[in-house]
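Below is one structure; the comments refer to it alone.
Numbering (our numbering), first residue to last: 24 to 290.
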């Protein structure tokens with residue numbers, strides 16, 4: 024039986040082209056990261072080697088982003104159970120579903136009941152629905168990803184959002200709580216909802232994987248990536264020209280009204 028990762032819609036762009044366009048249009052120097060979530064063992068390519076020791080999911084993403092490593096990880100090799108349960112690899116421990124972890128350990132709420140509300144308002148895979156995760160640079164993946172992730176600045180996330188609404192209109196609505204950034208916000212949410220999500224990061228990924236405080240984490244369902252890249256390729260230079268021209272015009276107007284003023288930048 025053919026892998027579900029082979030039985031996909033045919034895309035005009037290959038993964039390397041998508042990665043190159045995103046990097047060029049957004050000014051990203053690090054790797055764009057692809058994530059495949061395997062539902063069955065037979066879907067996993069035979070030449071992929073499993074991890075030799077457990078890692079946290081946020082560490083896998085960050086190491087791939089910064090150093091280009093690839094990771095195939097079954098449930099036992101996901102060191103963080105918050106991440107593993109968010110991705111559907113393991114049963115959700117009682118301390119998570121009860122809200123205890125958000126209250127007692129993470130100190131992110133004023134009671135266990137409030138912690139339970141945090142958990143209940145998150146999207147969740149069915150427990151055990153995923154058998155393994157595969158994290159790799161997008162342009163080096165041996166299968167199509169389910170989700171594409173990058174770490175960047177607010178302006179880079181803004182450009183992705185603008186590319187999403189360019190043809191479809193509407194607005195993007197983001198779901199984030201300052202916890203479970205890479206696993207829940209940037210992977211599970213785009214995968215389950217089929218929508219772009221932007222996360223403000225979390226203390227865990229800051230502590231364990233060195234996510235810096237000035238960055239946001241962007242998760243994109245793979246089915247949206249080609250359209251986004253097409254818009255970026257065709258329009259990002261116009262957007263940058265417009266923004267710089269607008270900034271210069273604002274500066275000129277301010278100078279004409281009040282005389283020379285200190286250098287500033289309008290975002």
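The beta-carbon is built from N, C-alpha and C at its ideal position, and this holds for glycine as well.
Straight-line gap, residue i to residue j (C-alpha atoms, nearest Å)
i	j	result
residue 193	residue 175	23 Å
residue 112	residue 264	45 Å
residue 127	residue 62	33 Å
residue 47	residue 119	40 Å
residue 217	residue 133	32 Å
residue 54	residue 60	19 Å
residue 140	residue 82	27 Å
N- and C-terminal bounds of the beta strand (DSSP E) containing residue i
i	result
residue 187	Here residue 187 belongs to no beta strand (DSSP E); instead the alpha helix (DSSP H) covers 177-191.
residue 121	Run containing residue 121: none; DSSP gives neither H nor E here.
residue 108	Premise fails: residue 108 lies in the alpha helix (DSSP H), 104-109, not in any beta strand (DSSP E).
residue 222	220-222
Residues that DSSP places opposite residue i in a beta bridge
i	result
residue 251	Its beta-bridge partners do not exist; DSSP assigns none.
residue 61	155
residue 114	Partner(s): none; residue 114 has no beta bridge.
residue 160	56
residue 173	241
residue 101	78
Residue i, DSSP secondary structure in three states
i	result
residue 35	coil
residue 96	strand
residue 242	strand
residue 44	helix
residue 51	coil
residue 204	helix
residue 134	coil
residue 197	coil
residue 69	coil
Bounding residues of the alpha helix (DSSP H) (the contiguous stretch that carries residue i)
i	result
residue 148	First-last for residue 148: undefined, no H or E at that position.
residue 84	80-90
residue 229	226-232
residue 215	212-216
CB-CB length for residue i against residue j, believed under 8 Å
i	j	result
residue 84	residue 153	Residue 84 to residue 153, Cβ: 16 Å. No contact.
residue 167	residue 94	Contact doesn't hold; Cβ gap of about 17 Å is too wide.
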